[in-house]
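Read through the structure below, which is laid out as structure tokens, and then see the notes.
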Amino acid sequence: MAKIIYLPLEHIEMRYTVYMDKVICDYLDKSGKEYVRIYPDIPARQIKEGSFLDAPTTIEFKSKQIAKVAEMYHTGEIETGDIIFTSDIWFPGLESIAYLNYFCKKDIKVRGFLHAGSFTDTDFVRDMERWAKNFEDVIFDISDKVFVASNFIKDDVIKKRLIDKNKLIVTGLLLDEKEFMQYKSDEKEDIVIFNGRNVDEKQPWLFDELSKRIPNVKFINTHSKKLPKTDYYKLLGKSKVVVSFALQENFGIGVNEAVKLGCIPVLPNRVVYPEFYSEDYLYNNFDECVKLVEAAIKGELKQTESNYTFDIEKWFE
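Residue numbers (numbering that gives the first Met the number 0): 0 to 316.
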């Protein structure tokens, strides 16, 4: 039986990487699949506000993962038919697998989840496109399956990069509801939250403008509060509205978590949001955003559910 060589993302509390790793391991344990998890020992490092990783740390981490994989090729622990699965296929160094396959005369499959890339016009890594485009084409070429969270990102990749569209599989993205659903409450307060990162592509300054337009309501930028996860989920549980101004979003895990906890979404009519939410919750300009938030606060806009689904079995078929 083929085994899975699992390369998780490094754990960062403010992201979803910890429970992504946990859910994957739980699934693999229960499925009875043979797997090896490669998680290098690196020191915990503080990332700056608005960031989702520390670049030197993630390169050190991924390099150690690839070094261990290379050692397993050398010792024969990796055999033809095995599968390398990475939680983030935008993985500098992953092209080494094709190199190792060639010289070690093995056929190891490469699969993983694609979160984002330089193919998206509004993503901050677009600035790296001159070299990243070639890197992405190589990764897509050596992979036999690439999993994405939405049709939005799938269509973007197909339009911009060299890839067999049959390799791209939409699976949604996992939410470990056991971690936060205990904080859901029917007792909501007039709180509007913004839980996007404080970076240009999320346009946090528009949240400040929104707060000036609607009096007698509490507006909270969750990233600026630097809340521990437990306090963050408690806040979502008692808040009434979650708002986004994102120019780039391939899934929107923060919004999806907030909606699961009963927040009413007010979202721009672009990127992934029309795929997951009805037009009742989408705005086309700032004035429409203001009106939707006011309606949600007054109870004229009701709670809803996201249309996304997640199928982890597709990752390990």
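Each residue gets a CB set at the ideal place from its N, CA and C atoms; glycine is no exception.
Note that the coordinates shown come from a computational prediction; the quantities given were computed from them, not determined experimentally.
The region 1 to 16 in contact with the region 78 to 94 per 3-pair CB rule at 8 Å: yes
Run of the beta strand (DSSP E) containing Gly236, from where it starts to where it stops: In the sequence shown, the residue the question calls residue 236 occupies position 237. First-last for Gly236: 228 to 237, but that is the alpha helix (DSSP H), not the beta strand (DSSP E).
Nearest neighbour of Met180, chosen from Lys259, Lys158, Phe275, Asp310 [CA to CA]: In the sequence shown, residue 180 corresponds to position 181, counting from 1. Ranking the options by Cα distance to Met180, first place goes to Lys259.
Span separating the alpha-carbon of Ile107 from that of Ser223: Taking the first residue of the sequence shown as position 1, residue 107 is located at position 108. Taking the first residue of the sequence shown as position 1, residue 223 is located at position 224. One C-alpha to the other measures close to 44 Å.
Rounded C-alpha distance that separates Val169 from Thr121: Against the sequence shown, residue 169 aligns to sequence position 170. Against the sequence shown, residue 121 aligns to sequence position 122. Taking the straight line joining both Cα atoms gives about 21 Å.
Limits of the unbroken alpha helix (DSSP H) element including Phe123: One-based indexing of the sequence shown puts residue 123 at position 124. Run containing Phe123: none; DSSP gives neither H nor E here.
Continuous beta strand (DSSP E) assignments of at least 3 residues falling wholly in the region 245 to 303: 263 to 267
Nearest to Tyr182 (by Cα), restricted to the options Tyr307, Gly261, Tyr280, Tyr101: Counted from its first residue, the sequence shown places residue 182 at position 183. Ranking the options by Cα distance to Tyr182, first place goes to Gly261.
Distance, Tyr72 Cα to Leu99 Cα: In the sequence shown, residue 99 corresponds to position 100, counting from 1. In the sequence shown, residue 72 corresponds to position 73, counting from 1. One C-alpha to the other measures close to 8 Å.
CB of Val292 within 8 Å of CB of Ile213, strictly: The count along the sequence shown starts at 1 and reaches residue 292 at position 293. The count along the sequence shown starts at 1 and reaches residue 213 at position 214. Result yes, Cβ atoms of Val292 and Ile213 sit closer than 8 Å.
Close-in-space but distant-in-sequence residues of the same chain around Ile37 (CB under 6 Å, 5 per side omitted): As a position in the sequence shown, residue 37 is number 38, starting the count at 1. Hits under 6 Å: Leu6, Gln64, Lys67.
CB contact flag (Lys217, Ile190, <8 Å): The count along the sequence shown starts at 1 and reaches residue 217 at position 218. The count along the sequence shown starts at 1 and reaches residue 190 at position 191. Contact: yes.
Integer-rounded CB distance, given that Asp310 should sit under 8 Å from Gly171: Here residue 171 refers to the residue found at position 172 when the sequence shown is read from its first residue. Here residue 310 refers to the residue found at position 311 when the sequence shown is read from its first residue. The pair is a contact, with the Cβ atoms about 7 Å apart (cut-off 8 Å).
Three-state secondary structure assigned by DSSP to Lys201: Mapped onto the sequence shown, residue 201 falls at position 202. If DSSP states are grouped into helix, strand and coil, Lys201 belongs with the helices.
Cβ-Cβ distance between Leu266 and Val254 below 8 Å: By one-based count along the sequence shown, residue 266 stands at place 267. By one-based count along the sequence shown, residue 254 stands at place 255. Contact flag set, yes.
Beta-bridge pairing of Ile219 - partner residues as DSSP gives them: In the sequence shown, counting from the first residue as 1, residue 219 sits at position 220. Answer by DSSP bridge pairing, in chain order: Ile192.
C-alpha gap between Gly298 and Lys239, whole angstroms: Along the sequence shown, one-based indexing puts residue 298 at 299. Along the sequence shown, one-based indexing puts residue 239 at 240. One C-alpha to the other measures close to 9 Å.
Pairwise C-alpha distance: Asp25 and Asp53: Within the sequence shown, numbered from 1, the residue matching residue 53 stands at position 54. Within the sequence shown, numbered from 1, the residue matching residue 25 stands at position 26. C-alpha separation (whole angstroms): 27 Å.
For Leu174, the nearest candidate out of Ala257, Lys158, Phe118, Asp154 (CA to CA): Numbered from its first residue, the sequence shown carries residue 174 at position 175. The shortest C-alpha separation from Leu174 is found at Ala257.
Nearest neighbour of Phe84, chosen from Val289, Ser305, Glu278, Ile23 [CA to CA]: For the purposes of this step, residue 84 is taken as the residue at position 85 of the sequence shown. The candidate whose alpha carbon is nearest that of Phe84 is Ile23.
Beta-carbon separation (whole angstroms), Gly195 vs Ala115, contact threshold 8 Å: As a working note, residue 195 is residue 196 in the sequence shown. As a working note, residue 115 is residue 116 in the sequence shown. About 14 Å separates the two Cβ atoms, so there is no contact after all.
Nearest-angstrom Cα separation, counted from Val147 out to Val109: Here residue 109 refers to the residue found at position 110 of the sequence shown. Here residue 147 refers to the residue found at position 148 of the sequence shown. Whole-angstrom Cα-Cα distance: 15 Å.
Same chain, Cβ closer than 7 Å to Ala295, five either side skipped, listed in chain order: In the sequence shown, residue 295 corresponds to position 296, counting from 1. Cβ within range, chain order: Lys239, Val240, Ile263, Val265.
Through-space distance from Arg129 to Arg160, alpha-carbon basis: Translated into positions along the sequence shown, residue 160 becomes position 161. Translated into positions along the sequence shown, residue 129 becomes position 130. If you take the alpha carbons of Arg160 and Arg129, they lie about 13 Å apart.
Nearest residue (CA-CA) to Phe118, options Asp163, Lys233, Lys158: Sequence index remark: in the sequence shown, residue 118 carries index 119 (1-based). The shortest Cα separation from Phe118 among Asp163, Lys233, Lys158 belongs to Lys158.
Buried versus exposed call for Lys225 [16 or more other C-beta atoms within 10 Å across all chains shown]: Position 226 of the sequence shown, counting from 1, holds the residue named residue 225. Answer is exposed; the Cβ neighbour count stays below 16.
Whole runs of the beta strand (DSSP E) within the region 48 to 87, excluding any shorter than 3 residues: 82 to 85
Distance, Asp185 Cα to Leu326 Cα: Missing from the structure shown is residue 326; the chain here goes from 0 to 316 and no further.
Sub-8 Å separation of Ser30 and Phe315 beta-carbons: Here residue 30 is taken as the residue at index 31 of the sequence shown, counted from 1. Here residue 315 is taken as the residue at index 316 of the sequence shown, counted from 1. Yes.
Distance, Thr303 Cα to Glu278 Cα: If you number the sequence shown from 1, residue 278 lands on position 279. If you number the sequence shown from 1, residue 303 lands on position 304. Their backbone Cα atoms lie some 12 Å apart in a straight line.
Which listed residue (Phe123, Asn249, Pro227, Glu312) has its alpha carbon closest to that of Val156: The count along the sequence shown starts at 1 and reaches residue 156 at position 157. Here the closest residue by C-alpha is Asn249.
Beta-carbon proximity list for Glu135, same chain, < 8 Å, skipping 5 on both sides: Working through the sequence shown from its first residue, we reach residue 135 at position 136. Taken in chain order, the residues that qualify are Trp89, Gly116, Ser117, Phe118, Arg160.
Neighbourhood of Asp81 by C-beta distance below 7 Å, restricted to the same chain and skipping five residues each side: Taking the first residue of the sequence shown as 1, we reach residue 81 at position 82. Answer for Asp81: Ala1, Lys2, Ile4, Ile107, listed in chain order.
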